[in-house]
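Okay, so here's the structure we're looking at.
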Amino acid sequence: MRAAEVRAGARDIAPLAIGVALYGFAFGVLAAEAGFSALGIGVMAVAVFAGASQIAAVDQFLTTGSVLGAALAGAALNLRYVGITASVAPALRELRWLPRGFALWGATDENLGLTMTQPADGRGAYLLGTCLVLVPTWAASTVLGAVIGAAIPDLERFGISFAFTAAFIAMARGLWPGRSAVLPWGLTFAVTWGLVSLGWSPALALVAGAVAGVVVSLLQPVRAP
Amino acid sequence: MTEAHWLLIAVLAMSTLALRLVGYLFGTAMMRNALAVRALDAFPGCLMVALIAAALARGTTADWLAATVALAAAFLTRNIILTMLLGMTAFVAATTWL
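The listed protein sequences derive, respectively, from chains A and B. If you use our numbering, the first sequence corresponds to residues 529 to 753, in order. If you use our numbering, the second sequence corresponds to residues 62 to 159, in order.
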């Protein structure tokens, strides 16, 4: 393993880690509202280490109380990890088993793009460096959010119930691929909204809506990028 | 924290691990299937929109107003923390004055 690449990865991810820490702090506050203890949030941060799915799952758990629905929403969001770990799989082969497992665990949206900008030789060590910063940052910031969130009574007056929706809007903005998404995203919104209004469980309605959107996007002609 | 909370953590952790392993072990073969790649690409965005729609379908006028502000903030700043702060501020303002 090459120490220079590990250090470069740790250094380059630092600015992104600040954003992750703020986001993690906000998540910790919200998860504490949903009844998670600081210990539970720490365990979740390390065991799951997939921020958006943790938010989606806690949001669904808070609003529907269903473990299955919450886990389904979170797992659905994590389907993209198949693509993420597939992309880094060749780079990981340069690492020994233990660091390889850790880097596979810690590969996520923030460090994937960064790692792929590096020369192919040394990418595994670079990715490992980013994970050595990101995983502890996420765990520490979510636990800190939980501890401080539990100490502040009546978070509702700060608009906390809208925080998740705002986070989803911000993440959707980051995922906006251009005009090709107008129809799939519009249909997803309409189907989900319609099914929830008809009395469907939100967890089921949102999976049905998202699947409808994906099907329509697959039916669209592929345009040259 | 109840048993349900721990169960949620366990199920989410196991499903995430499974997906990471599937990508690592079989991803190279899957990525050769153009349709699978497009579906995996399209899914996260659609799911975000579905989560927003599910929240708004159960929401009040304040949620819709705050969502409009958050949408504008997201498009202008592309910053998740700023979007959350502005959206929550709009939500508090709307619930106070409506």
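All C-beta atoms in this analysis are idealised placements derived from N, C-alpha and C, irrespective of residue type, glycine included.
Contacts that residue i makes with chain A (C-beta to C-beta distance below 8 Å)
{"i": "Trp67 of chain B", "result": "Gly568"}
{"i": "Arg93 of chain B", "result": "Here the premise fails: no neighbours, minimum Cβ distance about 10 Å."}
{"i": "Thr150 of chain B", "result": "Gly687"}
Beta carbon of residue i nearer than 8 Å to that of residue j
{"i": "Gln748 of chain A", "j": "Ser708 of chain A", "result": "yes"}
{"i": "Gly687 of chain A", "j": "Thr150 of chain B", "result": "yes"}
{"i": "Ala694 of chain A", "j": "Gly148 of chain B", "result": "yes"}
{"i": "Phe555 of chain A", "j": "Gly634 of chain A", "result": "no"}
{"i": "Val211 of chain B", "j": "Arg685 of chain A", "result": "The first residue shown for chain B is 62 and the last is 159, placing residue 211 of chain B beyond what the model contains."}
{"i": "Val671 of chain A", "j": "Ile583 of chain A", "result": "no"}
{"i": "Ser76 of chain B", "j": "Ala731 of chain A", "result": "no"}
{"i": "Gly597 of chain A", "j": "Ser729 of chain A", "result": "yes"}
{"i": "Ala653 of chain A", "j": "Arg530 of chain A", "result": "yes"}
{"i": "Gly106 of chain B", "j": "Val610 of chain A", "result": "no"}
{"i": "Ser615 of chain A", "j": "Gly602 of chain A", "result": "no"}
{"i": "Arg472 of chain A", "j": "Phe136 of chain B", "result": "In the structure as shown, chain A starts at 529 and stops at 753, and residue 472 of chain A therefore has no counterpart that could be examined."}
{"i": "Thr144 of chain B", "j": "Ala698 of chain A", "result": "yes"}
{"i": "Arg93 of chain B", "j": "Leu746 of chain A", "result": "no"}
{"i": "Met62 of chain B", "j": "Phe577 of chain A", "result": "no"}
{"i": "Gly741 of chain A", "j": "Trp713 of chain A", "result": "yes"}
{"i": "Arg81 of chain B", "j": "Thr665 of chain A", "result": "no"}
{"i": "Glu533 of chain A", "j": "Gly706 of chain A", "result": "no"}
{"i": "Phe696 of chain A", "j": "Met109 of chain B", "result": "yes"}
{"i": "Leu662 of chain A", "j": "Glu638 of chain A", "result": "yes"}
{"i": "Val675 of chain A", "j": "Leu711 of chain A", "result": "no"}
Integer Cβ distance of residue i from residue j, believed to fall under 8 Å
{"i": "Thr658 of chain A", "j": "Ile541 of chain A", "result": "4 Å"}
{"i": "Leu550 of chain A", "j": "Ile142 of chain B", "result": "5 Å"}
{"i": "Leu620 of chain A", "j": "Arg608 of chain A", "result": "Not a contact, Cβ separation roughly 18 Å."}
{"i": "Val571 of chain A", "j": "Ile70 of chain B", "result": "6 Å"}
{"i": "Gly677 of chain A", "j": "Val557 of chain A", "result": "3 Å"}
{"i": "Ala111 of chain B", "j": "Thr720 of chain A", "result": "4 Å"}
{"i": "Gly537 of chain A", "j": "Leu655 of chain A", "result": "6 Å"}
{"i": "Leu73 of chain B", "j": "Ala585 of chain A", "result": "5 Å"}
{"i": "Ala617 of chain A", "j": "Gly88 of chain B", "result": "6 Å"}
{"i": "Ala123 of chain B", "j": "Ala155 of chain B", "result": "4 Å"}
{"i": "Leu605 of chain A", "j": "Ala562 of chain A", "result": "No, Leu605 of chain A and Ala562 of chain A are not in contact; Cβ-Cβ is about 17 Å, not under 8 Å."}
{"i": "Val595 of chain A", "j": "Ala134 of chain B", "result": "Contact flag wrong, Cβ pair sits at about 33 Å."}
Interface residues of chain B facing residue i [CB-CB closer than 7 Å]
{"i": "Tyr551 of chain A", "result": "Ile141, Ile142"}
{"i": "Trp713 of chain A", "result": "Gly106, Cys107, Val110"}
{"i": "Leu607 of chain A", "result": "Leu80, Leu101, Phe104"}
{"i": "Ile612 of chain A", "result": "Gly84"}
{"i": "Ala585 of chain A", "result": "Leu69, Leu73"}
{"i": "Met572 of chain A", "result": "Ile70"}
{"i": "Arg701 of chain A", "result": "Ala135, Phe136, Arg139"}
{"i": "Val675 of chain A", "result": "Within chain B, no residue comes near Val675 of chain A; the closest Cβ sits about 14 Å away, beyond 7 Å."}
Cross-chain neighbours of residue i in chain B, by beta carbon under 8 Å
{"i": "Val576 of chain A", "result": "Ile70, Leu73, Ala74, Thr77"}
{"i": "Ser725 of chain A", "result": "Ala118"}
{"i": "Phe630 of chain A", "result": "Chain B residues near Phe630 of chain A: none, gap ~12 Å exceeds 8 Å."}
{"i": "Ser669 of chain A", "result": "Neighbours of Ser669 of chain A on chain B: none; closest Cβ ~12 Å, over 8 Å."}
{"i": "Pro627 of chain A", "result": "Result: empty, since nearest Cβ-Cβ is about 14 Å, beyond 8 Å."}
{"i": "Val492 of chain A", "result": "With chain A running from 529 to 753 in the structure shown, residue 492 of chain A is simply not present."}
{"i": "Leu734 of chain A", "result": "Leu108, Ala111, Leu112, Ala114, Ala115"}
{"i": "Leu746 of chain A", "result": "Leu96, Arg99, Ala100, Ala103"}
{"i": "Pro749 of chain A", "result": "Chain B residues near Pro749 of chain A: none, gap ~12 Å exceeds 8 Å."}
Chain A contact residues for residue i, given Cβ-Cβ distances below 9 Å
{"i": "Leu159 of chain B", "result": "Going along chain A, no residue has its Cβ under 9 Å from Leu159 of chain B, so there is no contact; the nearest lies around 13 Å."}
{"i": "Thr121 of chain B", "result": "By Cβ distance, chain A contributes nothing, its closest Cβ being about 10 Å from Thr121 of chain B, past 9 Å."}
Proximal residues of chain B, C-beta to C-beta of residue i below 9 Å
{"i": "Ser758 of chain A", "result": "Any question about residue 758 of chain A goes unanswered here, given that chain A covers just 529 to 753."}
{"i": "Phe555 of chain A", "result": "Here the premise fails: no neighbours, minimum Cβ distance about 10 Å."}
{"i": "Val754 of chain A", "result": "Because chain A is modelled from 529 through 753, residue 754 of chain A falls outside the range shown and cannot be assessed."}
{"i": "Pro543 of chain A", "result": "Within chain B, no residue comes near Pro543 of chain A; the closest Cβ sits about 13 Å away, beyond 9 Å."}
{"i": "Leu672 of chain A", "result": "Near Leu672 of chain A there are no residues of chain B at all, since even the closest Cβ is about 15 Å away, more than 9 Å."}
{"i": "Trp666 of chain A", "result": "None at all; the shortest Cβ gap to chain B is about 13 Å."}
{"i": "Gly602 of chain A", "result": "Leu69, Val72, Leu73, Ser76, Thr77"}
{"i": "Ala617 of chain A", "result": "Gly84, Tyr85, Leu86, Gly88, Thr89"}
{"i": "Ile680 of chain A", "result": "Going along chain B, no residue has its Cβ under 9 Å from Ile680 of chain A, so there is no contact; the nearest lies around 14 Å."}
{"i": "Val663 of chain A", "result": "None at all; the shortest Cβ gap to chain B is about 13 Å."}
Residue-chain proximity (residue i, chain D), Cβ-Cβ < 8 Å
{"i": "Trp704 of chain A", "result": "Here the protein chains are A and B, and chain D is not one of them."}
In chain order, what are the residue ranges of uninterrupted alpha helix (DSSP H) at least 4 long that sit wholly in the stretch 566-595 of chain A?
Entirely contained in the stretch 566-595 of chain A, the alpha helix (DSSP H) runs reaching 4 residues are, in chain order, 566-576, 579-592.
Would you check if there are 3 or more beta carbon pairs closer than 8 Å linking the stretch 712-725 of chain A to the stretch 115-132 of chain B?
yes
Every unbroken alpha helix (DSSP H) inside the stretch 90-149 of chain B [4 residues or more]:
95-118, 122-138
Ignoring anything shorter than 4 residues, give me the alpha helix (DSSP H) runs that lie fully in the stretch 665-743 of chain A, in order along the chain.
Qualifying alpha helix (DSSP H) stretches, in chain order: 688-703, 710-725.
Within the stretch 585-645 of chain A, note down every full beta strand (DSSP E) run reaching 3 residues or more, in order along the chain.
none
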